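The sequence shown stops at residue 191 when you use this note's numbering, and every number in between is there.
For every residue, glycine included, the Cβ atom is placed at its ideal position computed from N, Cα and C.
Keep in mind it's a predicted model, so treat the numbers as computed, not measured.
Notes follow the structure.
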Amino acid sequence: MHLYLEATVEALIFCAQEPLSLSEIRACLRESLEREFFTEELLPVLEGLCRKYESAIYPFQVYALAGGYQFLSKPTHHKTIGTLLRQKSKKKLSKAALETLAIIAYRQPITKGEIENIRGVASDYALQKLLDKELIVIKGKAEQAGRPILYGTSAKFMEHFGLASLDDLPQLKDFAEPAPGPMEAVAAP
Numbered sequence: 003m004h005l006y007l008e009a010t011v012e013a014l015i016f017c018a019q020e021p022l023s024l025s026e027i028r029a030c031l032r033e034s035l036e037r038e039f040f041t042e043e044l045l046p047v048l049e050g051l052c053r054k055y056e057s058a059i060y061p062f063q064v065y066a067l068a069g070g071y072q073f074l075s076k077p078t079h080h081k082t083i084g085t086l087l088r089q090k091s092k093k094k095l096s097k098a099a100l101e102t103l104a105i106i107a108y109r110q111p112i113t114k115g116e117i118e119n120i121r122g123v124a125s126d127y128a129l130q131k132l133l134d135k136e137l138i139v140i141k142g143k144a145e146q147a148g149r150p151i152l153y154g155t156s157a158k159f160m161e162h163f164g165l166a167s168l169d170d171l172p173q174l175k176d177f178a179e180p181a182p183g184p185m186e187a188v189a190a191p
């Protein structure tokens, strides 16, 4: 049971995105294993995990912090991990995300349904990517049936594109006539 308990606690800490407290670990174990676990039997398991990952063969460690336990990379790997994270954050937006961003910039505040009506396709993924990159924000809810979410551009969008205000966006009339299709509905209100 000890090895299974250690592996289970290790899995819980591994899956947690923030420090996992002893009481949270106990509650998860109680519900999943249908048995009460006491602090006296869990502390040695947690201390053992902390010692296990101190070894140089592991690139990460179990740290006791903020009243809980969490897996974190060791400082010797921070530079390499930082490089990866910077590279991932610099990835270009897809055509669908750029199209969605343009619609939001010119028609904000706008609902997902209105965006999809203009684009002619689902926009869930593009919206999520734009939210993740903080180029758009939720501006509120529309005063219509179902109260759909309203999207608009963020301060990060303005900074990224070098805009002081939305008035600095190029006028749609400055662009060539688009080919007939769902995008012609993008014209500003």
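Counted as a single uninterrupted DSSP element, the stretch harbouring I138 is not any alpha helix (DSSP H) but the beta strand (DSSP E) occupying residues 138-143.
By DSSP's assignment, I151 forms a beta bridge with K143.
Contact check between the segment 110-125 and the segment 77-90: fewer than three CB pairs, one atom from each, fall below 8 angstroms, which does not count as touching. Residue pairing by DSSP places A66 opposite Y71 in a beta bridge. Secondary structure at I112: strand, using DSSP grouped into helix, strand and coil. Non-local beta-carbon contacts of E136 in its own chain, meaning distances under 6 angstroms to residues more than five positions away in sequence, involve S156, K158 in chain order. Look at L165 here: in three-state DSSP terms it is coil, with no helix or strand label.
L22 is bridged by DSSP to Y71. Here the C-alpha atom of E8 lies approximately 26 angstroms from the C-alpha atom of T78. Across the set T102, L22, G50, C30, the C-alpha of L22 shows the shortest separation from the C-alpha of L67. In this structure T113 does not touch P61 by the C-beta definition: roughly 44 angstroms separates them, more than the 8 angstroms allowed.
Within the segment 26-68, complete alpha helix (DSSP H) segments of at least 4 residues are found at 41-54, given in chain order. Around the beta carbon of L103, a 10 Å sphere encloses 16 or more other beta carbons of the protein chains shown; the residue is thus reported as buried. Residue burial annotation: A128 is buried, with at least 16 other C-beta atoms found within 10 angstroms of its C-beta.
Taking C-beta atoms as the reference points, P111 and G148 fail to come closer than 8 angstroms. Nearest to K141 by alpha-carbon distance, out of D134, L152, L133, K131, is L152.
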